[in-house]
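Visitor: Read in the numbering used here, the sequence shown has 30 at position 22, and its numbers run on one by one without any break.
Ideal Cβ positions, reconstructed from N, Cα and C, are used throughout, including at glycine.
Structure incoming, see below.
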Amino acid sequence: MGQVLDCREAAKIFLDNIKKASLELKGKGINPTLGIVRVGKREDDIAYEKGILKNCEKVDIIGKVHECSEDINMDSFIKLIEELNADPLIHGILIFRPLPKHLDENIIKHIINPNKDVDSMNPLNLAKVFEGDLSGYSPCTSAAVIEIIKHFNIYIKGKKVAVLGRSMVVGKPLAMMLLKEDATVMICHSKTENLKETVASADIVAAAIGKAKFIGSDYIKQGAVVIDVGINVDENGKLCGDVDFEAVKDKASLITPVPGGVGSVTTAVLLKSVIKGAKMML
Ligand code: NAP
9 MGQVLDCREA AKIFLDNIKK ASLELKGKGI NPTLGIVRVG KREDDIAYEK GILKNCEKVD
69 IIGKVHECSE DINMDSFIKL IEELNADPLI HGILIFRPLP KHLDENIIKH IINPNKDVDS
129 MNPLNLAKVF EGDLSGYSPC TSAAVIEIIK HFNIYIKGKK VAVLGRSMVV GKPLAMMLLK
189 EDATVMICHS KTENLKETVA SADIVAAAIG KAKFIGSDYI KQGAVVIDVG INVDENGKLC
249 GDVDFEAVKD KASLITPVPG GVGSVTTAVL LKSVIKGAKM ML
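Written as structure tokens, this is what we have:
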């Protein structure tokens, strides 16, 4: 069996470093603070929020939740974001997505202050990701994949990496971040021909398609590294990834589990970005 990467343990180490940075900032009179904007009471938003607040507490970061009613209008929503933009005591803003249809994300993404945009929603930050410029913020999930690769010393320079999925939240920015690390990147999506053969030619597979256990062993080259970004619910109501873990684990050299994989690192990456935002106040 390949090695199952203990991402929870890795996340603990990341959180320890974040706590050190947070305490240092406190010593300089800055209390790192994240403003969370949630519209309505979607179950997965509330679960994500709980996880963030628990980790905020662990690392001495303040998490302030701004809950909006499901029917908040665009003007009031923009006003809230502008208030958070202007508040010197808020260093990072996270808006849970997807937003309800009447709140136009294409307008809001331009309004969030790029210096506080810890999940890289603003096109100015995304452009930096695409340029390989590390001065802005990267989308947390893509950045979590890169942190995992670095933490476990996975060699990617020149390697063939298949990224499955091309969303602006995960697949596309992840592909660009891998390119920055000198990987040879193939971006696969629902229209990719010969998907199985293409993915099976990769040394590293990063799956972000949102299809429970879709990637079986015939998609994986013997000894490949498998990073599963997917968070789905299987036929028994259990959390699972896009990869069929049981079918693939013996073929992969390294594999991330779900739960306990990329998702465990995502929140740590978010809080690292809050520290980055707070440091801008120095
Ligand atoms: P999304 O916006 O629905 O995008 C899915 C992507 O997968 C699309 O590009 C789509 O291709 C592609 N795709 C769908 N079915 C496919 C198939 N059969 N073969 C090949 N490609 C296919 O999803 P997302 O927001 O990127 O999220 C992807 C997964 O990551 C989900 O499971 C989500 O829950 C998970 N996620 C995890 C975290 C974390 O912290 N671990 C954070 C965010 C999301 P087209 O573009 O051609 O339609």
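1. Just checking, does the region 86–97 make contact with the region 120–133 on the three C-beta pairs under 8 Å criterion?
2. Relative to the alpha-carbon of residue 233, which residue among 244, 287 and 164 has its alpha-carbon at the smallest distance?
3. State the Cα-Cα distance for the pair residue 32 and residue 242, rounded to the nearest angstrom.
4. I need the DSSP call for residue 174, collapsed to helix, strand or coil.
5. Compare the Cα-Cα distances from residue 294 to each of 41, 236 and 143 and report the closest residue.
6. Hey, would you say residue 210 sits closer than 7 Å to residue 10, going by beta carbons?
7. Looking at residue 220: is its Cβ nearer than 7 Å to the Cβ of residue 153?
8. Okay, do the region 201–210 and the region 174–182 touch, 3+ Cβ pairs below 8 Å being the bar?
9. My guess is that residue 142 and residue 169 are in contact by the Cβ rule of under 8 Å, so how many angstroms apart are they, rounded?
10. Going by C-alpha distance, which of 107, 270 and 167 is nearest residue 53?
11. Any heavy atom of the ligand NAP within a distance shorter than 6 Å of the CB on residue 277?
12. Can you list, in chain order, the residues of its chain with a C-beta nearer than 6 Å to that of residue 183? Leave out the 5 residues immediately preceding and following it.
13. Below 7 Å between beta carbons: does that hold for residue 140 and residue 188?
14. Got a sec? Which residues, its chain only, sit under 8 Å from residue 36 by beta carbon, not counting five neighbours each side?
15. What's the C-alpha gap between residue 128 and residue 138?
16. Among 43, 71, 263 and 73, whose alpha-carbon lies nearest the alpha-carbon of residue 14?
17. Using the three-state DSSP reduction, which class does residue 159 fall into: helix, strand or coil?
18. Taking C-beta to C-beta, are residue 125 and residue 114 nearer than 7 Å?
19. By Cβ distance below 8 Å, which residues in the same chain neighbour residue 270 in space, the five residues on each side in sequence not counted?
20. Which residue's Cα is closest to the Cα of residue 48: 146, 96 and 74?
21. Ignoring anything shorter than 4 residues or poking outside the region 167–241, list the alpha helix (DSSP H) runs there in chain order.
22. Starting from the C-beta of residue 224, find all residues in its chain whose C-beta is less than 6 Å away, skip the five residues before and the five after it, and write them out in chain order.
23. Shortest alpha-carbon distance to residue 64 belongs to which of 24, 46 and 288?
24. Using the beta-carbon count (16 or more within 10 Å), is residue 30 buried or exposed?
Guide: Well, looking at it:
1. By the C-beta criterion, the region 86–97 is judged to be in contact with the region 120–133, since at least 3 inter-stretch pairs fall below 8 Å.
2. What you label residue 233 is simply residue 225 of the sequence shown in a count that begins at 1. For residue 233, the closest alpha carbon among the candidates 244, 287 and 164 is that of 164.
3. Position 24 of the sequence shown, counted from the start, is the residue given in the question as residue 32. Position 234 of the sequence shown, counted from the start, is the residue given in the question as residue 242. Each residue's Cα considered, the two are about 43 Å apart.
4. Here the question's residue 174 lines up with position 166 in the sequence shown. Residue 174 falls in the coil class under three-state DSSP.
5. Only positions 9 to 290 of the chain appear in the structure, and residue 294 is not among them; the question remains open.
6. In the sequence shown, counting from the first residue as 1, residue 210 sits at position 202. In the sequence shown, counting from the first residue as 1, residue 10 sits at position 2. It is not a contact, given that the beta carbons lie outside the stated cut-off.
7. Numbered from its first residue, the sequence shown carries residue 220 at position 212. Numbered from its first residue, the sequence shown carries residue 153 at position 145. Not in contact: residue 220 and residue 153 (Cβ atoms no closer than 7 Å).
8. Not touching, per the Cβ criterion.
9. Sequence index remark: in the sequence shown, residue 142 carries index 134 (1-based). Sequence index remark: in the sequence shown, residue 169 carries index 161 (1-based). Going by Cβ atoms, the distance from residue 142 to residue 169 rounds to 19 Å, so no, they are not a contact pair.
10. The count along the sequence shown starts at 1 and reaches residue 53 at position 45. The candidate whose alpha carbon is nearest that of residue 53 is 107.
11. Reading the sequence shown from its first residue, position 269 is the one you call residue 277. Residue 277: no, Cβ never under 6 Å from the ligand NAP.
12. By one-based count along the sequence shown, residue 183 stands at place 175. Same-chain partners within the cutoff: 171, 193 and 195.
13. One-based indexing of the sequence shown puts residue 140 at position 132. One-based indexing of the sequence shown puts residue 188 at position 180. Yes, the Cβ-Cβ distance between residue 140 and residue 188 is below 7 Å.
14. In the sequence shown, the residue the question calls residue 36 occupies position 28. Cβ within range, chain order: 290.
15. As a working mapping, residue 128 is identified with position 120 in the sequence shown. As a working mapping, residue 138 is identified with position 130 in the sequence shown. Cα to Cα, the separation comes out at about 12 Å.
16. Walking along the sequence shown from the start, residue 14 turns up at place 6. If we check each option's Cα against that of residue 14, 263 comes out closest.
17. If you number the sequence shown from 1, residue 159 lands on position 151. In the structure shown, residue 159 sits in a helix (DSSP, three-state: H, G or I).
18. Position 117 of the sequence shown, counted from the start, is the residue given in the question as residue 125. Position 106 of the sequence shown, counted from the start, is the residue given in the question as residue 114. No; because the gap between Cβ atoms is not below 7 Å, this pair is not in contact.
19. As a first step, residue 270 is located in the sequence shown; it is residue number 262 there, counting from the start. Excluding positions up to five away in sequence, the list reads 15, 149, 152, 153, 156, 235, 236, 237 and 264.
20. Residue mapping note: residue 48 aligns to position 40 of the sequence shown, counting from 1. It is 74 whose Cα lies nearest to the Cα of residue 48.
21. Those alpha helix (DSSP H) runs which fall completely within the region 167–241 and span 4+ residues are 179–188 and 203–208.
22. Here residue 224 refers to the residue found at position 216 of the sequence shown. Closer than 6 Å at the Cβ level, and outside the excluded window around residue 224, lie 252 and 255.
23. To locate residue 64, count along the sequence shown from 1; it is residue 56. Distances from the CA of residue 64 to each of 24, 46 and 288 were compared; the closest alpha carbon is that of 24.
24. For the purposes of this step, residue 30 is taken as residue 22 along the sequence shown, with counting starting at 1. Under a 10 Å Cβ-count criterion, residue 30 is classified as buried, with 16 or more other Cβ atoms of the shown protein chains found around its own Cβ.
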